[in-house]
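A.B. asks: Sharing a structure, written as structure tokens. Questions coming.
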Amino acid sequence: MTTTTPPNTSHPARPEVPLAIWPVAQSTAQWQRAGRYLPGVARHPGKMLPELARRIVAEYSAPGDLVCDPLAGIGTTLAEAALLGRRAVGVELDERWVTLATDNLDHMLDGASRCLTGIRQGDARQLQDVLGDLAGTVDLVVTSPPYGCDAGMIDKQAWIAGGRLCPADTLNYSTDKANLGHARGPAYEQAMAEIYAACHAVLRPGGHLVVVTKNTRRKGRTLDLAGLTVSLAIGAGFSYLGHVIALHAAIRDGDLVARPSYWQTTQIRHARAKGEPAHLVAHEDVTVFSRPPTTREETADAR
Ligand SMILES: C[S@@+](CC[C@H](N)C(=O)[O-])C[C@H]1O[C@@H](n2cnc3c(N)ncnc32)[C@H](O)[C@@H]1O
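Given below as structure tokens:
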């Protein structure tokens, strides 16, 4: 008997794309930032690895290009893009992270590159309005959204002393419930669909969108955030170009050496204590898209 799989009508089909592996954690995150970033950036609970931001910018843009991060956090994408000679603009909802990113850009960049780099407070869902004149001219969007799971900055000393593991004001990036760090399930999907549509609107024809996510577990079930990202980005009009595995384990003598954070170790221990078959995830997924031209004029203009 022949069986056929019913078509998945909820999400567009996913084409097969090339797969690459980038070893971006040969040195630890702390070491990658040491002596370059302000120590205060450690308060942000979900920063991108500087080496990963740098590699994405180097691969998918050219000097002088405009790079945008609509969920900018402490501005890792912006700092690394500026150091590679790109113009950079970020958007971040939470005033505290905007201030920290601004201070960090002041600290890391010299006058010339600082003038070409900025962060604005606003909602990524209204990216076109927040970017104003820059909308339609962005060459590359690099971003890492909240992962639809709990995030917080670890305060190990406070925890050992009997306090909270994470200070309340760092849980899910903000005490403001409008922050997408708090969104889960359909609300999260809807918000991310709006953000990818906004990214499509601000990119020039032929520009690229690169999204960094990690598949997480919640109540024993895996959230396939990379797959969801591909579906949402294709739904917003993007072409899916490639998938990169960004290794968070170091390669030593041909073996992988995992470097779990204290947060990850604690989360996995809690899950296993509840009987959930959790394992350490030692990579992030980097999904790469392009914004195809949609009109004959755009086709002629696209590089
Ligand atoms: C995973 S973090 C990005 C971190 C960033 N890549 C870095 O290295 O610092 C996601 C960020 O999105 C911000 N955010 C959440 N909802 C937002 C929204 N609607 N508009 C803009 N930023 C938002 C959060 O405050 C958080 O800083």
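Numbering-wise (our numbering), the sequence shown opens with residue 237 and increments by one.
Beta carbons are placed, not taken as given, at the ideal position from N, Cα and C, and that holds for glycine.
Compare the beta carbon distance of Ala462 and Thr449 with 7 Å and say whether it is the shorter of the two.
C.D. replies: Start at 1 with the first residue of the sequence shown, and residue 462 comes out as number 226. Start at 1 with the first residue of the sequence shown, and residue 449 comes out as number 213. For Ala462 and Thr449, yes; Cβs fall inside 7 Å.
A.B. asks: Since Ala429 is in the alpha helix (DSSP H), which residue starts that stretch and which ends it?
C.D. replies: Reading the sequence shown from its first residue, position 193 is the one you call residue 429. For Ala429, the enclosing alpha helix (DSSP H) begins and ends at Gly421 to Val438.
A.B. asks: Taking 6 Å as the cut-off, is the beta-carbon of Lys283 closer than that to any non-hydrogen atom of ligand 1?
C.D. replies: Mapped onto the sequence shown, residue 283 falls at position 47. Under cutoff, so the answer is yes.
A.B. asks: Which residues bound the beta strand (DSSP E) around Gln357?
C.D. replies: Along the sequence shown, read from residue 1 onward, the residue named residue 357 stands at position 121. For Gln357, the enclosing beta strand (DSSP E) has its first and last residue at Thr353 to Gln357.
A.B. asks: What three-state label does DSSP hand Thr373 in the structure shown?
C.D. replies: As a first step, residue 373 is located in the sequence shown; it is residue number 137 there, counting from the start. Thr373: coil per DSSP, three-state reduction.
A.B. asks: Give me, in chain order, the residues of the same chain whose beta-carbon lies closer than 8 Å to that of Met428; leave out the 5 immediate sequence neighbours on both sides.
C.D. replies: Taking the sequence shown and counting its residues from 1, the one referred to as residue 428 is at position 192. Excluding five sequence positions before and after Met428, the CB atoms of its chain that fall closer than 8 Å to its own CB belong to Pro381, Leu416, Leu464, Thr465 and Leu468, given in chain order.
A.B. asks: Please look up how many angstroms separate the CB atoms of Trp258 and Leu483, rounded, as I've assumed it's under 8 Å.
C.D. replies: Locating residue 258 in the sequence shown gives position 22, counting from the first residue. Locating residue 483 in the sequence shown gives position 247, counting from the first residue. Indeed they touch by this definition, with Cβ atoms about 7 Å apart.
A.B. asks: I'd like the ranges of any beta strand (DSSP E) spanning at least 3 consecutive residues and lying wholly in the segment 443-468.
C.D. replies: 452-454 and 457-459
A.B. asks: For Cys351, does the count of other Cβ atoms within 10 angstroms reach 16, so buried, or fall short, so exposed?
C.D. replies: Within the sequence shown, numbered from 1, the residue matching residue 351 stands at position 115. Under the 10 Å beta carbon count, Cys351 is surrounded by fewer than 16 other beta carbons and is classified as exposed.
A.B. asks: For Ile310, verify whether its CB is less than 6 Å away from any heavy atom of ligand 1.
C.D. replies: If you number the sequence shown from 1, residue 310 lands on position 74. For ligand 1, at least one heavy atom lies less than 6 Å from the Cβ of Ile310.
A.B. asks: How about Leu307: is its Cβ closer than 6 Å to a heavy atom in ligand 1?
C.D. replies: For the purposes of this step, residue 307 is taken as residue 71 along the sequence shown, with counting starting at 1. Yes; taking the cut-off as 6 Å, the Cβ of Leu307 has a heavy atom of ligand 1 nearer than that.
A.B. asks: What three-state label does DSSP hand Leu367 in the structure shown?
C.D. replies: Walking along the sequence shown from the start, residue 367 turns up at place 131. Helix, per DSSP.
A.B. asks: What is the C-beta distance between Glu328 and Gly309, in whole angstroms, given that I count them as a contact (C-beta under 8 Å)?
C.D. replies: One-based indexing of the sequence shown puts residue 328 at position 92. One-based indexing of the sequence shown puts residue 309 at position 73. Right, the Cβ-Cβ distance comes to about 6 Å (below 8 Å), so this counts as a contact.
A.B. asks: Quick one, are the C-beta atoms of Leu445 and Val377 less than 7 Å apart?
C.D. replies: Position 209 of the sequence shown, counting from 1, holds the residue named residue 445. Position 141 of the sequence shown, counting from 1, holds the residue named residue 377. The answer is yes: Cβ separation under 7 Å.
A.B. asks: Just the C-alpha distance for Arg527 and Ala324, rounded to the nearest angstrom, thanks.
C.D. replies: If you number the sequence shown from 1, residue 527 lands on position 291. If you number the sequence shown from 1, residue 324 lands on position 88. Taking the straight line joining both Cα atoms gives about 19 Å.
A.B. asks: Considering only C-alpha positions, which residue in the set Leu336, Ala261 and Gly358 is nearest to Arg279?
C.D. replies: Within the sequence shown, residue 279 is the residue found at index 43, counting from 1. The shortest C-alpha separation from Arg279 is found at Leu336.
A.B. asks: Check for me: the alpha helix (DSSP H) holding Asp342 runs from which residue to which?
C.D. replies: The residue you call residue 342 lines up with position 106 of the sequence shown. Glu331 to Met344 is the span of the alpha helix (DSSP H), which, as asked, contains Asp342.
A.B. asks: Given a cut-off of 7 Å, decide if Pro306 and Ala360 are closer than it, judged by their beta-carbon atoms.
C.D. replies: Walking along the sequence shown from the start, residue 360 turns up at place 124. Walking along the sequence shown from the start, residue 306 turns up at place 70. It is a contact, given that the beta carbons lie within the stated cut-off.
A.B. asks: Rounded to the nearest angstrom, what separates Ile487 and Leu274 at their Cα positions?
C.D. replies: Taking the first residue of the sequence shown as 1, we reach residue 487 at position 251. Taking the first residue of the sequence shown as 1, we reach residue 274 at position 38. Each residue's Cα considered, the two are about 28 Å apart.
A.B. asks: Starting from Pro259, trace the beta strand (DSSP E) in both directions and tell me its first and last residue.
C.D. replies: In the sequence shown, the residue the question calls residue 259 occupies position 23. Counting along the chain, the beta strand (DSSP E) containing Pro259 begins and ends at Leu255 to Pro259.
A.B. asks: Let me check understanding here. Comparing Cα to Cα, which of Pro254, Glu533, Ser410 and Gly321 lies closest to Gly282?
C.D. replies: Within the sequence shown, residue 282 is the residue found at index 46, counting from 1. Ranking Pro254, Glu533, Ser410 and Gly321 by Cα distance to Gly282 puts Ser410 first.
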